[in-house]
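In the working numbering, the protein residues as written are 13 to 739. The C-beta atom is built at its ideal place from N, Cα and C for all residues, glycine as well.
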């Protein structure tokens, strides 16, 4: 009888492991077989696919392009395709003419095209195919020629042109790295890009992606970096060192933007712009709104721009009309210019300005903003500060400069400091160039301020409306040269000239403080220069306007002035000026004194050969009425001890000769009234003088004073009038 022994544990393990090992062997064999099949398929597929792509390009382009691939690799595991050494060459130029005119001639060389994460299942189901990433590495594009513009039918949207009846493509990211591009067939391209990097995230190329208002050309986000951009636009060479754009950060920056006009080739009268812009930053850009033809952003900042601008002969359309074909709405919360400088050439005034700091708020550059009467140059408000500025007036005879300027439209204020108006020629040279007598003005004005400036009226209606204008401490020099003929044209320095202006002027109050005026005149007969001064003058003008609602016969402009004649005689005057009176009618009352009458000698001796030897003015009061034909009135002069001496042009050391001495004696004894009043009776002087419209209203007032003074001291009225009208 045999003894039954228990089975060992190791035997049980062996019996159960054998089926498991066989299953693992079968699984490993199947995997290896699949790998082998896939590898074999891949080895066979890659060359076939490479040839197929090259053939398709030649076939679809009808021989216009030839594609050559150095290598193509597919990966079933990574669901990827890698193309290396991509070369796209255009055929002869003749193939792009005629029926091929719509094809651009492009040459492309690229290190690598890499596509990963291809959703093959969705491709088979014709659904929305996912792709994880598409990378184009170092593409070098050269556009040799662009197609001619034809009135072709609008093409379908990109998502409606997908192959294999796909409903769409969802691409995780599209990257273009180290892009180089140029346009132009010659050695010097018309445009070039040294390097560009482009990344688009979450691209939904489908009908849903096309209607998604938060996307930019199907992409959820876009980032662009450019370096070394050069191009030629409208006869200008443009250069850009770098640019960056991020739709996620809503920011666009430009570094070192340059514009230089071409030296040759530009048509006559074309606009020319030389620009150096170190940096520009656009922030808060609503990129998705651009697809709806709307531009919206928070701020646009220009850092230290330098611009030289020559305007075109034919003015271009307004800015809103230039943007209208591209944008339906343009809104910008803020625009800022920091430390800019500008210069305008090609026009007579040639203005220039430095150290510009500018800030605009609430800009709307479209038809709505252009016609909004409350906006000023499309903005709700502007603030401007500048350093030194200059321009030519009555070019090229006067140069106007200032050192500081400040504009605040919200506060309706304007301040200009250290204004200077200087002639570019001497008095004789100025008159010689103009062929007639012209005022030779030199003005120094430390401060000019305006309150209540209606900038909107100026920008939209070309109306100059102010509440108050203040000029402090002006210094004015006027040099005349009587050796030249009078200007044949009528003077514009007359009260009624304001009514003939083609735009509205309304200054409620004009104030001048501490004004000093110095006059010199070279007499044509004596060839000597006489001098006169008005010192420490203060003046106000109210209701200075050509608005018929404010300027009436009962409510004219009123001017009051006071100061010192020759720094020795107190003078005051009041003027009533109906500025819309076509006859130029206006009146004046004034007074001056006391002072020694010899204070007039610096002007009368060299110019009229008359010297007041002695005499004291106690008080002179004047009433005058003037129009475009003449001036008339009454002068009441109180003086004593008057004695004058006539001088001779060819006299000796004392400028006298026998004839002048006899003439002086006779006039003092027979003609001149040595004091007034005499024997208790005040003899008034009659003011009568005819107006020469070639002369300013200031000359007319001087004529009235001369005729009244001469008649007051005893010169017959007719002789006094004739003497006053002498130039």
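Judged by their CB atoms, residue 454 and residue 429 are not nearer to each other than the 7 angstroms cut-off. Shortest Cα-Cα distance from residue 322 to any of 287, 298, 529 involves 287. In this model, residue 504 and residue 402 are separated by some 24 angstroms (Cα to Cα).
CA-to-CA, the gap between residue 187 and residue 103 works out to about 28 angstroms. Listed in chain order, the beta strand (DSSP E) runs fully inside the segment 192 to 274 are 203 to 218, 231 to 245, 248 to 258, 263 to 273, counting runs of at least 3 residues. Contact between residue 180 and residue 140 holds, since their C-beta atoms are separated by about 4 angstroms, short of 8 angstroms.
Within the DSSP bridge table, the entry for residue 544 names 531 as partners. Under the three-state reduction of DSSP output, residue 467 falls in the helix class. DSSP places residue 88 in the coil class of the three-state scheme, outside both helix and strand. Contact between the segment 615 to 628 and the segment 521 to 539 is present: 3 or more CB-CB pairs across the two stretches fall below 8 angstroms. Assignment of beta strand (DSSP E) within the segment 290 to 355, counting only whole runs of 3 or more residues, yields 306 to 315, 318 to 322 in chain order. Counting along the chain, residue 382 sits inside the alpha helix (DSSP H) bounded by residues 379 to 382. Per DSSP, the beta-bridge partners of residue 586 are 572, 601.
Across the set 261, 417, 302, 584, the C-alpha of 261 shows the shortest separation from the C-alpha of residue 293. Looking at the DSSP output, residue 502 bridges to nothing. By the neighbour-count criterion, in which 16 or more other beta carbons inside 10 Å mark a residue as buried, residue 447 falls on the exposed side. Following the DSSP letters along the chain, one finds residue 156 inside the beta strand (DSSP E) bounded by residues 140 to 157. One alpha carbon belongs to residue 356, the other to residue 284, and they sit about 10 angstroms apart.
The C-beta separation of residue 114 from residue 96 comes to about 31 angstroms, leaving the pair out of contact by the 8 angstroms criterion. In the structure shown, residue 616 adopts helical secondary structure according to DSSP, grouped into three states. Out of 90, 80, 74, 128, the CA that lies nearest to the CA of residue 109 is found in 74.
Annotation for residue 724: the continuous alpha helix (DSSP H) segment containing it runs 709 to 724.
Within the model, the alpha-carbon separation for residue 206 versus residue 269 is close to 15 angstroms.
Non-local C-beta neighbours of residue 610 in its own chain, meaning closer than 6 angstroms and more than five positions away in sequence, comprise 624, ordered along the chain. For residue 496, the three-state secondary structure derived from DSSP is coil. Between the segment 499 to 517 and the segment 577 to 597 there are three or more C-beta pairs closer than 8 angstroms, enough to call the two in contact. Of the residues 691, 656, 582, the one whose Cα lies closest to the Cα of residue 680 is 656. Residue environment for residue 613: buried (at least 16 other C-beta atoms within 10 angstroms of its C-beta). Nearest to residue 160 by C-alpha distance, out of 149, 176, 116, is 116. Residue 176 carries a coil assignment under DSSP once its states are collapsed to helix, strand and coil. For residue 518, DSSP records a beta bridge to 477, 557. Shown here, residue 549 sits in a strand according to DSSP, grouped into three states.
Residue state for residue 115 is assigned as coil, using DSSP reduced to three classes. Scanning its chain for C-beta atoms nearer than 6 angstroms, with the 5 sequence neighbours on each side dropped, one finds around residue 189 the residues 149, 209, in chain order. Counting along the chain, the unbroken alpha helix (DSSP H) around residue 733 starts and ends at 729 to 736.
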